[in-house]
Structures are given as structure tokens and as C-alpha cells.
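Visitor: One structure, as C-alpha cells, below. Some questions next.
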Ligand code: HEC
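Residue numbers (our numbering): 2 to 503.
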């Protein structure tokens with residue numbers, strides 16, 4: 002059997018038995034776009050074949066993907082329909098509430114304070130309200146914060162648009178509030194405001210604006226709806242914006258053809274800007290936003306209309322970008338973050354996407370620009386995940402709308418309350434991990450039940466078999482795919498196999 006083929010086989014085994022992980026083969030470019038619909042209703046409590054059982058005290062959804070000793074605490078409660086947050090200090094969060102308020106929460110003192118001095122923000126209908134917040138890259142010196150919110154038209158109070166304001170946060174007060182951007186034209190729809198905000202490392206501000214339910218506007222280059230906008234921190238047009246000098250195009254546009262952007266995150270390590278957006282029925286997307294690019298809405302999409310009518314001309318068109326990943330059916334994506342930190346090194350560089358309707362955190366394993374697997378974790382939050390951030394210490398903060406709460410996922414090696422992992426004996430590891438291949442009746446994998454498969458292998462001697470199990474051998478994946486099995490446990494499993502063969 003060719004190498005690599007085995008991996009596909011392992012993927013089939015994992016998928017076919019309804020496991021918690023979706024594996025994609027790296028070589029197959031289209032595989033990263035595979036819709037994940039079939040796994041929507043899976044039970045995260047169910048163990049995937051080849052995955053070890055969690056220890057007592059583990060979070061099942063995290064333990065299934067080989068992460069041990071993760072603790073999930075609730076750190077903030079009592080918020081009123083929170084939307085987004087930022088760390089203004091290592092122990093202080095600035096939180097927006099959709100109804101038009103801002104809060105400061107001190108994690109050390111456990112104290113929630115109201116921020117005064119906000120402008121009047123319309124709310125109370127549909128998706129109209131206060132949305133995202135972002136900090137100026139030099140916030141520590143200048144105190145500047147930026148927030149996105151709905152505004153009413155001065156001419157017609159029934160019409161609204163997405164706006165961005167900035168202000169200086171001084172203590173518990175905003176001063177010098179100034180509206181720096183309005184995504185015109187105003188429109189009557191109470192939905193699809195977008196509102197995602199992010200700075201890059203050069204100090205430019207990116208704004209994701211929704212199509213305001215006027216789909217065609219996302220392709221029109223003289224409107225600011227359905228776009229990714231790029232501005233200076235003062236709200237001016239950067240002279241190197243992609244369409245500067247083109248009289249037909251509004252100079253503030255950086256990219257176009259987006260539907261309802263919920264999240265933008267700039268990854269300083271790769272220099273890439275990632276976006277999440279709500280699709281129509283199905284077709285939520287994760288995109289890499291590139292200068293001047295057209296993301297295709299509504300000409301191409303993987304979703305359908307809510308009336309199940311087909312939209313546009315299909316899923317691909319020349320000159321239009323494909324998503325990095327899409328969800329069918331939708332999980333109702335919220336903002337995303339990219340994990341960079343010391344606390345969960347096994348997640349380095351992965352994307353963590355919030356899911357509202359899906360009520361989990363969607364972990365996309367990103368390797369060399371390709372999504373290798375999708376894992377649905379933290380379903381135990383039982384909530385609409387609306388924002389996810391990585392703290393300076395590498396722990397992960399998750400804002401959940403229902404119950405108005407923020408949780409922290411972290412590791413604490415000093416926590417005596419956590420049971421130290423016990424060494425699992427060889428028989429247990431074999432049954433949990435190895436049996437999914439070696440006792441599955443597979444033609445091309447040596448089977449314990451077929452003694453004839455083994456003499457040549459056993460003749461190599463124990464030391465070689467241990468080494469092959471740990472490092473991988475031919476089509477045998479390293480560690481039998483068990484990343485959290487210790488070497489001792491793997492040797493125990495080999496010993497168990499050899500005993501069975503005698
Ligand atoms: C995804 C399927 C899969 C899993 C899981 C798996 N193996 Fe294997 N294993 C294989 C395949 C395939 C081979 C044959 C490799 C070859 O000869 O190319 C193999 C071979 C072996 C061999 C013989 C190596 C040699 O040098 O001939 C040992 C020992 C072994 N596996 C132990 C284990 C143990 C212990 C586990 C559990 C910790 C495990 N395997 C889990 C697929 C698997």
C-alpha cells in the first residue's frame with residue numbers, strides 16, 4: 002500500500018465511525034473546502050476511535066483532541082447581551098454590550114464598572130446596536146479605542162448604516178468621541194451590519210461592513226457596504242490603498258464582495274488578515290483578506306437563500322476568491338482568533354472560530370496555509386460563543402452571549418486539585434488507540450487476530466518495534482495517532498500485542 006493512502010484510510014475509519022475529528026489530506030487542495038454537514042449533530046461526548054479516554058477531571062471535548070489538564074472557569078458573569086471584548090491591561094477587559102453600553106471588568110478584583118460618555122447608539126430592533134471594539138496599537142500611550150455601531154440617517158430616521166467611532170478611554174470615561182466612518186448608503190434593513198474591526202502591525206484600521214441585505218451592493222465599487230475598508234487611525238485614506246487613483250472606486254475600499262463580516266484578525270507572524278462572515282443559508286466562510294481582492298458575494302457562494310432559492314451563478318468564478326474554509330450547514334460564525342501562545346503549544350497557529358448557533362469553538366488546524374482538520378470543542382459551554390481572545394499568558398477567553406458571561410480556558414501545572422494523569426496499562430492503550438487499526442479486520446494493516454501477519458515483524462526485536470511505534474513506520478502513523486500517549490504507555494501497548502501473539 003502506498004504511503005499516504007493509509008492516512009486516507011485512517012481518515013475514513015475516523016469519519017465513518019462518527020468521531021469527533023474531521024481529517025483532511027494535505028495533498029488534496031479541495032479537501033479543505035469539504036463541507037462538514039454530516040458531523041453537525043455528532044455527540045462530542047462520544048469518543049472517536051483511536052482517541053484515548055479523558056482522565057477524570059478533563060474537559061471531554063478538549064481531551065478528545067489530545068489536550069490534557071485544561072481547566073475551564075467562568076470569570077465574568079452578569080453582562081447584558083455582550084458582543085465583544087479586548088484586554089486593556091493584563092487583568093482588565095473592555096466589553097461592549099449590544100444594547101449600547103460598555104463595561105470594564107477587573108479580573109483581579111472581580112469588579113464590573115460602567116464606562117460613561119458613550120454616544121447614543123440606536124438598538125432594540127434586529128441586528129441594530131453596538132458591536133465590536135478595537136484598541137489603537139499604541140493604546141497604552143494614547144488610550145484610543147475604536148468601536149463599531151449602528152447610526153441613523155439624519156434625513157430619514159428609519160434608515161441606518163454601520164459606523165465606526167473612536168474615543169480616548171480615560172479611567173472609566175470616554176472623551177473626545179469622534180465618528181470617523183459611515184458605511185454609506187443608509188438603508189432600511191435592520192440586518193447585516195458586519196462591524197468587525199482590526200488593526201494591522203503598521204497601524205492601519207480594517208473594518209468589515211455588511212451588505213445590509215442589499216446583496217448587489219457588495220459588488221458595487223461606489224458603495225461602502227459589503228466591503229473590507231482600510232483607513233488610517235485618524236479615519237483618512239492611506240495613500241497605498243489598492244484602488245487609490247481609480248476614479249470609479251471609493252478609495253477606502255480594500256477588498257469587496259463580502260456578505261456579513263463578523264470577525265477580522267491580523268496575524269503578525271504570517272502577516273495575513275483573516276476574516277469570518279455569515280453566509281446566507283449555509284456557507285459561513287473563513288477568508289484570508291488580500292488587497293484588492295473580490296470575495297464573490299453574491300455572485301458566488303456555498304450557501305442558498307433562506308427561501309432555498311439558488312443565489313448567484315454557483316460556487317466559483319474567475320477573478321473571485323475561494324474561501325479558506327466554509328461551513329455547510331452554517332454554525333453561525335462569530336469572530337475568530339489565531340492561537341499564538343505558550344499555554345497550548347499543540348494549538349500554535351490554529352484558528353479558533355466562535356460559533357453562535359453551533360454553540361462551540363471551532364478549531365481549524367492550519368498548516369502551511371491549508372486547513373488540515375476541523376474540531377468542535379468547548380460544547381460544554383452550552384452557549385452562543387460571540388468572541389474569543391488569547392491573553393498574554395496564552396490562556397483563552399471566551400465570551401458567551403447567553404448568561405452574559407466570559408470563560409477562561411487555561412492550564413495550571415500547580416493546581417493540586419487536578420488529578421495527575423495515571424499511566425494507562427498496555428491493554429487499555431491498545432484497546433483505546435491501537436485496536437481501531439490492528440483489531441478492525443483491515444486487510445492492509447497487520448491484525449492481532451492473524452498471527453501470520455507478525456513473524457517477520459516480531460523477529461526485528463522489541464527495541465525496534467518500540468521505536469517504530471513511537472516514530473512511525475511505513476503506513477503506521479507516529480504514536481498510532483495518540484499524541485498524548487507517553488512513550489511508556491506506547492511501549493506497554495507493544496508489550497501487550499506481543500503477549501497476545503504468543
Ligand atoms: C491508523 C492505523 C494504525 C493505528 C492507530 C496503529 N497502527 Fe500499528 N501499524 C499500522 C500499520 C499500517 C502497520 C504496518 C506498517 C508497515 O509495515 O508499513 C503497523 C505496524 C505496527 C507494528 C509493527 C511495526 C514493524 O516494525 O513492523 C507495531 C509494533 C504496531 N503497529 C504497534 C502499534 C501500537 C502499539 C499502536 C497503538 C499505540 C498502533 N500500532 C496503532 C497502523 C496502525
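Glycine included, each C-beta is placed from N, C-alpha and C at the ideal position.
Return the bridge partner residues of residue 114 from the DSSP annotation.
Guide: Partner(s): 105.
Visitor: Using the Cα positions of residue 166 and residue 279, report the straight-line distance between them to the nearest angstrom.
Guide: For residue 166 and residue 279, the distance between alpha carbons rounds to 23 Å.
Visitor: Per DSSP, which residues does residue 282 bridge with? Please list them.
Guide: DSSP, once it has assigned bridges, lists 305 as partnering residue 282.
Visitor: In this structure, how does DSSP classify residue 463 when only helix, strand and coil are distinguished?
Guide: Three-state DSSP puts residue 463 in a helix.
Visitor: For residue 344, which of helix, strand or coil comes out of DSSP?
Guide: Residue 344 falls in the coil class under three-state DSSP.
Visitor: For residue 269, does the count of other Cβ atoms within 10 angstroms reach 16, so buried, or fall short, so exposed?
Guide: Classification of residue 269: exposed, given that the 10 Å Cβ count is below 16.
Visitor: In angstroms with no decimal places, state the Cα-to-Cα distance between residue 116 and residue 394.
Guide: Straight-line Cα distance between these residues: approximately 26 Å.
Visitor: So within the stretch 194-262, which uninterrupted beta strand (DSSP E) runs reach at least 3 residues, ignoring any that extend past its ends?
Guide: Those beta strand (DSSP E) runs which fall completely within the stretch 194-262 and span 3+ residues are 195-200, 206-210, 228-232, 254-257.
Visitor: May I ask you to check if the CB of residue 266 is nearer than 7 Å to at least one heavy atom of the ligand HEC?
Guide: It does not: the Cβ of residue 266 is nowhere closer than 7 Å to a heavy atom of the ligand HEC.
Visitor: Could you round the C-beta distance between residue 400 and residue 83 to whole angstroms and report it? I think they count as a contact, below 8 Å.
Guide: Rounded, the Cβ-Cβ distance is 6 Å, consistent with contact.
Visitor: Is residue 474 close to the ligand HEC? I mean its beta-carbon at under 7 Å from any heavy atom of the ligand.
Guide: Yes, the ligand HEC has a heavy atom inside 7 Å of this Cβ.
Visitor: According to DSSP, residue 75 sits in a beta bridge with which residue or residues?
Guide: In the DSSP output, where bridge partners are listed per residue, residue 75 has 408.
Visitor: Given that a residue counts as buried once 16 or more other Cβ atoms are within 10 Å of its Cβ, and exposed if not, what is residue 445?
Guide: Exposed, because fewer than 16 other Cβ atoms sit within 10 Å of the Cβ of residue 445.
Visitor: Since I believe residue 281 is in contact with residue 305 (beta carbons under 8 Å), could you give me their beta-carbon distance rounded to a whole number of angstroms?
Guide: Sure, about 6 Å apart at Cβ, within 8 Å.
Visitor: Closest by CA to residue 325, which one among 397, 302, 463, 254?
Guide: Residue 325 has its Cα closest to that of 302, out of 397, 302, 463, 254.
Visitor: Which residue wins for smallest C-alpha separation from residue 193, given the options 443, 63, 354, 333?
Guide: Per the Cα distances, 333.
Visitor: What's the C-alpha gap between residue 403 and residue 132?
Guide: Whole-angstrom Cα-Cα distance: 16 Å.
Visitor: Using a Cβ distance threshold of 8 Å, determine whether the stretch 463-476 contacts the stretch 406-414, with at least three qualifying pairs required.
Guide: With a cut-off of 8 Å, the stretch 406-414 and the stretch 463-476 do not count as touching, because too few Cβ pairs lie within range.
Visitor: Considering only DSSP beta bridges, list what residue 364 is partnered with.
Guide: Beta-bridge pairing links residue 364 to 353, 376.
Visitor: Our contact map puts residue 256 next to residue 228 with C-beta atoms below 8 Å; I'd like the distance itself, whole angstroms only.
Guide: 7 Å between Cβ atoms; contact.
Visitor: For residue 321, which of helix, strand or coil comes out of DSSP?
Guide: Of the three classes helix, strand and coil, the one that applies to residue 321 here is coil, per DSSP.
Visitor: Please report the straight-line C-alpha distance between residue 67 and residue 484, rounded to a whole angstrom.
Guide: Cα-Cα distance, rounded: 6 Å.
Visitor: Considering only the beta carbon of each residue, do residue 365 and residue 351 sit closer than 8 Å?
Guide: Result yes, Cβ atoms of residue 365 and residue 351 sit closer than 8 Å.
Visitor: Going by the C-beta, is residue 449 closer than 7 Å to any heavy atom of the ligand HEC?
Guide: Outside the cutoff, so no.
Visitor: Using C-beta distances below 8 Å, list every residue in its chain close to residue 93, excluding the 5 sequence neighbours before and after it, in chain order.
Guide: Correct list, in chain order: 105, 106, 107, 108.
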